Amino acid sequence: MPKKIRQLIKDLEQAGFINRGGKGSHRNFIHPKGVVLTISGKLGDDARHYQEKEVVKKIKESQK
């Protein structure tokens, strides 16, 4: 079962990412180390597989 968009956002915020806002259903996140990521979708939507993979990848990048 895929995660929800709200769970991806929660994971990013716990990893130190800051929500810079966005337009429409897009949210831009930035980490103090310069890692940037955009997540699209409503909070209750199921996350796409590529979104889940990208969140994991960016969190690992920010921990280096």
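Just so you know, we're using the numbering used here here: the sequence shown kicks off at 1 and counts up by one.
We put the beta carbon where it would ideally sit given N, CA and C, even for glycine.
Just so it is clear, the structure is predicted and the values come from calculations on it, not from any experiment.
Cβ pair residue i, residue j closer than 8 angstroms
i, j, result
"glycine 16", "proline 32", "yes"
"leucine 25", "glycine 41", "This sequence places serine at residue 25; leucine is not what is there. Closer than 8 angstroms, so yes."
"isoleucine 5", "isoleucine 18", "no"
"isoleucine 39", "isoleucine 59", "no"
Beta-carbon separation (whole angstroms), residue i vs residue j, contact threshold 8 angstroms
i, j, result
"asparagine 28", "glycine 34", "The Cβ separation is near 13 angstroms, so there is no contact."
In DSSP terms, what residue i is bridged to
i, result
"valine 36", "Ile30"
C-alpha gap between residue i and residue j, whole angstroms
i, j, result
"serine 62", "valine 36", "9 angstroms"
"aspartate 11", "valine 56", "9 angstroms"
"aspartate 46", "lysine 64", "29 angstroms"
"glutamate 54", "arginine 48", "10 angstroms"
Chain B within 8 angstroms of residue i, Cβ atoms only
i, result
"lysine 4", "Absent from the structure: chain B. Only one protein chain is present."
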